[in-house]
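To start, the structure under review is shown below, and the notes come after it.
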Amino acid sequence: MKNIKLVIEYDGTNYSGWQRQKNAMTIQEKLEMAIQKSTGKYCNTIGCSRTDSGVHARQFTCNFLTDSKIPSSKFKMVLNSQLPEDIVVLKSEEVDINFHSRYNTIGKEYSYTIIIGNNRPAIGRNYIYYFQRRLNIDNMKTACKFFIGKHDFSAFKSNGSSAKTSVRTIKKFTVSKQENLIKFIVTGDGFLYNMVRIMVGTLLEVGVGRFSPEYVLDILRSKDRSKAGKPAPARGLCLEKVFY
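Residue numbers (UniProt numbering): 1 to 244.
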């Protein structure tokens, strides 16, 4: 028996997230179907995260146990021949039998992309959030800094979170603007259910002037979900990197 680690990229537009579900197509199900076709046996995959419906990933890590004779490095080619065009294996390798894609992570990096202006985009609309109102980028940059550090993020998680603790450490949170594109980059040791999308939604409230930058600290201290902004739409979110 060997433990195979995969790094995959996917467009989440047409899927109900990563995790297998009844009556819904997911990334995990498509991948496990490809593995079963390739090895002749069902293999349960372990994902590094449970991305939501419509969320994308550039470097999503997962692993599975198999007694297949397919060389570890060849799983990339073999699986790609079975997968749809919106899911691609970037790398395959054998790892320690005890490696666990989720529990061995020490951090993740997400990006969130927004386009502003008068013209709603047709091309790329599934990967960006079109926001029509003007945004104060300087205030948003100031507000980002209040997220950095170790905090209780209870106010920034949706109902349904199964996490044992709401304490997380944010190591980096930046916002940049290039012409009409605004990009957020956030790196942390872990994220709660919808946490990144709620943080971005809160920063948009800062950007339009409804919240002051300093109000982010009040929200964190309150641990009250109702005080934070609404989750930004899933389509603008992308899992960029996973750290081990």
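Even glycine gets a Cβ: it sits at the ideal position worked out from N, Cα and C.
Unbroken beta strand (DSSP E) run spanning residue i, endpoints
i	result
Glu94	Ile87 to Val95
Phe75	Where Phe75 is concerned, there is no enclosing beta strand (DSSP E), although the alpha helix (DSSP H) it sits in stretches over Phe75 to Asn80.
Cys62	His56 to Thr66
Ile106	Here Ile106 belongs to no beta strand (DSSP E), and DSSP marks it neither H nor E.
Lys183	Leu181 to Gly188
Ile219	No beta strand (DSSP E) contains Ile219, which is instead part of the alpha helix (DSSP H) from Tyr215 to Ser222.
Val7	Lys2 to Tyr10
Leu239	Leu237 to Phe243
Residue i classed as buried or exposed, judged by whether at least 16 other C-beta atoms fall within 10 angstroms
i	result
Asn194	buried
Asp224	exposed
residue 273	The requested residue 273 is not part of the displayed model; the chain covers only 1 to 244.
Tyr112	buried
Ser92	buried
Ser38	buried
Gln28	buried
Tyr42	exposed
Arg235	buried
Pro71	exposed
Met1	exposed
Lys30	buried
Ser81	exposed
Ile219	buried
Lys108	buried
Arg197	buried
Ile106	exposed
Among the options, nearest to residue i - alpha-carbon criterion
i	options	result
Arg50	Lys171, Ser162 and Gly124	Ser162
Tyr10	Val55, Ala34, Met140 and Gln178	Val55
Asn180	Arg197, Ile137 and Met25	Ile137
Val208	Val78, Gly229 and Ser73	Gly229
Ala232	Pro213, Val89, Glu205 and Glu32	Glu205
Lys157	Ser226, Glu85, Lys30 and Phe211	Ser226
Cys144	Ile35, Thr174, Gly160 and Arg20	Thr174
Ile87	Lys172, Gly188, Ile8 and Val216	Ile8
Leu217	Met33, Ser154, Arg133 and Tyr110	Ser154
Gln178	Thr13, Leu83, Asn23 and Ile114	Ile114
Pro213	Thr13, Met140 and Ile148	Met140
Asp96	Thr13, Phe64, Asn118 and Arg125	Phe64
Asp152	Arg221, Glu240, Lys22 and Met33	Arg221
Phe131	Phe60, Asn159 and Lys183	Lys183
Contact under 8 Å by Cβ, residue i with residue j
i	j	result
Ser53	Gly17	yes
Arg168	Leu192	yes
Leu6	Cys62	yes
Glu94	Ile4	yes
Asn104	Tyr15	no
Val89	Lys76	yes
Ala57	Cys238	yes
Ile46	Leu79	no
Ile148	Leu135	no
Val242	Gln19	no
N-terminal and C-terminal residue of the alpha helix (DSSP H) that residue i is part of
i	result
Arg20	Neither: Arg20 is in no alpha helix (DSSP H) and is coded neither H nor E.
Ile128	First-last for Ile128: undefined, no H or E at that position.
Ile35	Ile27 to Thr39
Lys145	Ile137 to Phe147
Near the ligand FMN: residue i beta-carbon under 7 Å from a heavy atom
i	result
Tyr193	As for the ligand FMN, it is missing from this structure, which has no ligand bound.
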